[in-house]
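Visitor:
This is how it looks when you write it as structure tokens:
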């Protein structure tokens, strides 16, 4: 297994962004209440995690809020996987089921996420239920669509070859269809996980008291842009780490899913 070499090119844009950020804040081009400087935000992040400085009401609470957000994302994503994978395989391999379900699901997919928020509150109340519903709904469609496309794209010749070798039923699915479709499925899983993190904030702004989205909402209401940005950075890092772990899991399942997102 080849070890991925350090690529300095990937750091060029972040360094340039930080340089421009430092310049516009250091020389007063942008007011501190609109955009705090990098050094200020770094102190707020450290305080958010450790509570050393007592700069905000959220000092030392980062891991508590991160845990609640991570739990919501993973449970909603898991439910989307449980629903999206079987339905995607069924509609991908059985044309009648595709004709039956795909038009209806396409209608639901056309409604933007914010459009589901009022009805989610009516159905599940304010709090955990509607947050998990929004995350599951958002993550479901990328998983379902990519699974359907992957399953439908398995060549008939490959399936016939598997049958000639004696594969039938679940054996045919496990040894032929699933491996052939998995690269496309992995794309859907990654997209679904990313959308789950995006919809987390939408769900957590509706009455949830703990979670990174709730921190962002409170920070906005208190006029503390620094804690809003700190929570955004934590979400970005957590999203990237969970995506990396998902990619590693996908590569364990199928070596055809290569590192770096070329097949996933």
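In this note's numbering, the protein residues as written are 60 to 323.
Think of the CB as a built atom: it goes at the ideal place given N, C-alpha and C, for glycine as much as any other residue.
Sorted by chain position, which residues of the same chain lie with C-beta nearer than 6 Å to residue 157's C-beta, five sequence neighbours on each side aside?
Guide: Hits under 6 Å: 150.
Visitor: Can you list, in chain order, the residues of its chain with a C-beta nearer than 8 Å to that of residue 61? Leave out the 5 residues immediately preceding and following it.
Guide: A caution first: residue 61 carries a pLDDT of 49, below 50, which makes its placement in the model unreliable, though a value can still be read off. No residues qualify anywhere along the chain.
Visitor: Going by Cα to Cα distance, which pick from 293, 231, 302 is closest to residue 121?
Guide: Closest by alpha carbon: 293.
Visitor: Could you give the DSSP three-state label for residue 75: helix, strand or coil?
Guide: Three-state result, residue 75: helix.
Visitor: Report the three-state DSSP secondary structure of residue 130 (helix, strand or coil).
Guide: Three-state result, residue 130: helix.
Visitor: Between the alpha carbons of residue 279 and residue 100, how many angstroms are there, rounded?
Guide: Whole-angstrom Cα-Cα distance: 15 Å.
Visitor: Please report how far the alpha carbon of residue 81 lies from the alpha carbon of residue 98, in whole angstroms.
Guide: Roughly 8 Å between the two C-alpha positions.
Visitor: Please report whether the beta-carbon of residue 211 lies at a distance below 8 Å from any beta-carbon of chain B.
Guide: Annotation note: the requested chain B is absent from the structure, which comprises a single protein chain.
Visitor: In terms of alpha-carbon separation, which member of 203, 170, 136 lies closest to residue 161?
Guide: Out of 203, 170, 136, 203 has the C-alpha closest to the C-alpha of residue 161.
Visitor: Reducing DSSP to helix, strand and coil, say where residue 90 ends up.
Guide: Note: residue 90 maps to coil in three-state DSSP.
Visitor: Can you tell which of 209, 190, 257, 282 has the C-alpha that lies nearest to the C-alpha of residue 297?
Guide: The shortest C-alpha separation from residue 297 is found at 257.
Visitor: Give me the residue from 283, 118, 239 with the minimum Cα distance to residue 314.
Guide: Minimum Cα distance to residue 314 is reached at 239.
Visitor: Can you say whether residue 281 is buried or exposed, counting buried as having 16 or more other CB atoms within 10 angstroms of its CB?
Guide: Flag for residue 281 reads exposed.
Visitor: By DSSP, does residue 169 sit in helix, in strand, or in coil?
Guide: Note: residue 169 maps to helix in three-state DSSP.
Visitor: So, using beta-carbon positions, are residue 289 and residue 83 closer together than 8 Å?
Guide: Contact: no.
Visitor: Would you mind sorting residue 147 into buried or exposed? The rule is 16 or more other CB atoms within 10 Å of its CB.
Guide: Answer is buried; the Cβ neighbour count reaches 16.
Visitor: Within the chosen definition, does the segment 134–142 reach the segment 196–212 through at least 3 CB pairs nearer than 8 Å?
Guide: The segment 134–142 vs the segment 196–212: in contact.
Visitor: What residue from 283, 248, 274, 270 has the CA that sits closest to residue 308's CA?
Guide: That would be 248, whose Cα lies nearest to the Cα of residue 308.
Visitor: What residue ranges within the segment 206–287 form continuous beta strand (DSSP E) runs of no fewer than 3 residues, ordered along the chain?
Guide: Taking only runs of at least 3 residues, no beta strand (DSSP E) segment lies wholly in the segment 206–287.
Visitor: Using the three-state DSSP reduction, which class does residue 118 fall into: helix, strand or coil?
Guide: Correct three-state label for residue 118: coil.
Visitor: Considering only C-alpha positions, which residue in the set 242, 116, 127 is nearest to residue 305?
Guide: It is 242.
Visitor: Mark residue 255 as exposed unless 16 or more other C-beta atoms lie within 10 angstroms of its C-beta, in which case mark it buried.
Guide: Looking at its Cβ environment, which holds 16 or more other Cβ atoms inside 10 Å, residue 255 is buried.
Visitor: If we call anything under 8 Å between Cβ atoms a contact, is residue 131 one with residue 270?
Guide: Going by C-beta atoms, residue 131 is nearer than 8 Å to residue 270.
Visitor: Please indicate yes or no: does the CB of residue 147 lie closer than 7 Å to some heavy atom of the ligand FAD?
Guide: Ligands in the displayed structure: none, and consequently the ligand FAD is not present.
Visitor: In the DSSP assignment, find the unbroken alpha helix (DSSP H) run with residue 97 in it and report its ends.
Guide: Its alpha helix (DSSP H) spans residues 97–109.
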